[in-house]
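Student: My questions all concern the structure below.
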Amino acid sequence: MRRVLGAIPLLLAIVVIIFFITRLVPGDPVSAMLPENATELDRQRMTELYGLNDPVLVQFWKYLVQLLHGNLGTSFQYHSSVSELLWRRLPATLDLAIAALLFGWIIGIALGAIASTKHNKWQDRTASIVGLIGISAPTFWIGLLLIIYVAVPTGWFPTGGRLPADVVPPGPTGVNFIDAIIHLDPGLFFTSLRYVALPAITLGAAMTGLLVRMTRSSMLEVLGDDYIRTARAKGARESTVNFRHALRNAGRPVATVMGLEAASLLSGSIVVETIFSWPGLGQTLVNSVDFRDYPVIQATVLMFAVVFVLTNLAVDIAYCFIDPRIKY
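Here it is as structure tokens:
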């Protein structure tokens, strides 16, 4: 409960910072909304319509009151409710984030565990190289390499969009591969996987690298403990020692990385969605910055911040299950 209450002033500070930083961005939203031949009267009407003629502190107070009532405002660019706009774009980002999470968690933990059990062997060196590349390589560079050397030569993986133009997503979640499972549609499932594969690998590469290194180092530390030697002396199978005892007890630092990286996927999706023309929150944020769409910028960044805070709270709760000695 203390951690939940402690998150409230943090989110309030984020709201203040986001609001005033957007006002410092060079450019005029009214000029972006109006054509070049617009008159001064048109500019004045548009400025009054969106309340941009008020002092900044008055604008902030109005925004804060709207926010407390659950109103995120109206988009300058799309002339629609920001809440509805983000709700329409959220499933695409969730589609990408879930796929990247599954890729990062499965590959990262598996390679890290194998590397620790094959210490100083070729499996260990290979996994370490994969981890180093995942951590150090820029996201946009990985995405471009996958497009140039995988998507274009093979033709198996599309380089943009979520589904073919003639395919209508069936719903209800908007996350394509989950909807395919709900409707028992293998065609839609594999089609959505083809579209999400390269963006998910690109987005999950950094997480994979961190998990490889963290899982490896944590398991190597645990494998040297006395209780592991005792389990081996009692005749426990090596697989039981490695994966039931060592991997589980190495889980706390790994869970920290998993949680933090899961939260950072939303912000990382900005670059990936731009490269692969993925119609999610990241691409919406980029377009909104270009258009100086203050309400959309504020709402999107605030959503990212809320997800980050909630994910950290979830990690703290998960600690209690991983290590019962921890109490909050």
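Under the working numbering, the residue at position 244 of the sequence shown is numbered 246, and the numbers go up by one with no gaps.
Don't be surprised by glycine CBs; every beta carbon is placed ideally from N, CA and C.
With a threshold of 6 Å on Cβ separation, who are the neighbours of residue 29 within its own chain once the five nearest residues in sequence on each side are excluded?
Tutor: Hits under 6 Å: 294.
Student: Taking residue 107 and residue 213 to be in contact with their CB atoms under 8 Å, please state how far apart those CB atoms are, rounded to whole angstroms.
Tutor: With a Cβ gap of about 7 Å, residue 107 and residue 213 count as contacting.
Student: Check residue 2 in the structure and name its three-state DSSP category.
Tutor: Within the shown structure, residues of the chain are numbered from 3 to 330, placing residue 2 beyond reach of any answer.
Student: Name the DSSP bridge partner or partners of residue 76?
Tutor: According to DSSP, which records beta bridges pairwise, residue 76 is partnered with 83.
Student: Would the segment 267 to 276 and the segment 57 to 70 be scored as touching if the rule is three or more Cβ pairs under 8 Å?
Tutor: The segment 267 to 276 is not in contact with the segment 57 to 70.
Student: Going by the beta-carbon positions, is the gap between residue 136 and residue 210 smaller than 9 Å?
Tutor: Yes, the Cβ-Cβ distance between residue 136 and residue 210 is below 9 Å.
Student: Measure the C-alpha to C-alpha separation of residue 237 and residue 122 and round it to an integer number of angstroms.
Tutor: Each residue's alpha carbon lies about 24 Å from the other.
Student: Do residue 199 and residue 101 have their CB atoms nearer than 9 Å?
Tutor: Cβ atoms of residue 199 and residue 101: closer than 9 Å.
Student: Taking residue 262 as the reference, give the member of 309, 282, 171 and 127 with the closest Cα.
Tutor: When only C-alpha atoms are compared, the closest one is 309.
Student: Does residue 197 pass the burial test, meaning 16 or more other C-beta atoms within 10 Å, or should it be called exposed?
Tutor: That one is buried.
Student: If you pair each beta-carbon of the segment 179 to 189 with each one of the segment 217 to 227, do three or more pairs fall below 8 Å?
Tutor: Taking 8 Å as the limit for Cβ pairs, the verdict is that the segment 217 to 227 does not touch the segment 179 to 189.
Student: Any contact between the segment 149 to 161 and the segment 223 to 232? By contact I mean 3 or more CB pairs, one from each, below 8 Å.
Tutor: Because the criterion of three Cβ pairs below 8 Å is not met, the segment 149 to 161 and the segment 223 to 232 do not touch.
Student: My output table needs one value for residue 188: the three-state DSSP class, helix, strand or coil.
Tutor: Three-state DSSP puts residue 188 in a helix.
Student: Taking residue 67 as the reference, give the member of 203, 81, 14 and 8 with the closest Cα.
Tutor: Nearest of 203, 81, 14 and 8 to residue 67, Cα basis: 14.
Student: Which stretch, first to last residue, makes up the alpha helix (DSSP H) that contains residue 268?
Tutor: Counting along the chain, the alpha helix (DSSP H) containing residue 268 begins and ends at 253 to 277.
Student: Going straight from the alpha carbon of residue 205 to that of residue 79, what length do you get?
Tutor: For residue 205 and residue 79, the distance between alpha carbons rounds to 28 Å.
Student: Would you list, in sequence order, the uninterrupted alpha helix (DSSP H) runs of no fewer than 4 residues that lie entirely inside the segment 139 to 174?
Tutor: DSSP runs (the alpha helix (DSSP H)) wholly in the segment 139 to 174: 141 to 148.
Student: Have a look at 259, 208 and 24 and flag the residue whose alpha-carbon is nearest the alpha-carbon of residue 134.
Tutor: Cα-wise, what sits closest to residue 134 is 208.
Student: Return the first residue and the last residue of the alpha helix (DSSP H) that residue 42 is part of.
Tutor: Start and end: 42 to 51.
Student: Using the Cβ count rule (16 or more neighbours within 10 Å means buried), how would you classify residue 336?
Tutor: As shown, the chain starts at 3 and ends at 330. That puts residue 336 outside it, with no answer to give.
Student: In angstroms with no decimal places, state the Cα-to-Cα distance between residue 70 and residue 297.
Tutor: Distance between the alpha carbons of residue 70 and residue 297: 15 Å.
Student: Can you list, in chain order, the residues of its chain whose CB lies under 7 Å from that of residue 92, leaving out five sequence neighbours each side?
Tutor: So the list reads 283, once near-sequence residues are dropped.
Student: Rounding to the nearest angstrom, what Cα-Cα distance links residue 23 and residue 279 in this structure?
Tutor: Roughly 27 Å separates the two Cα atoms.
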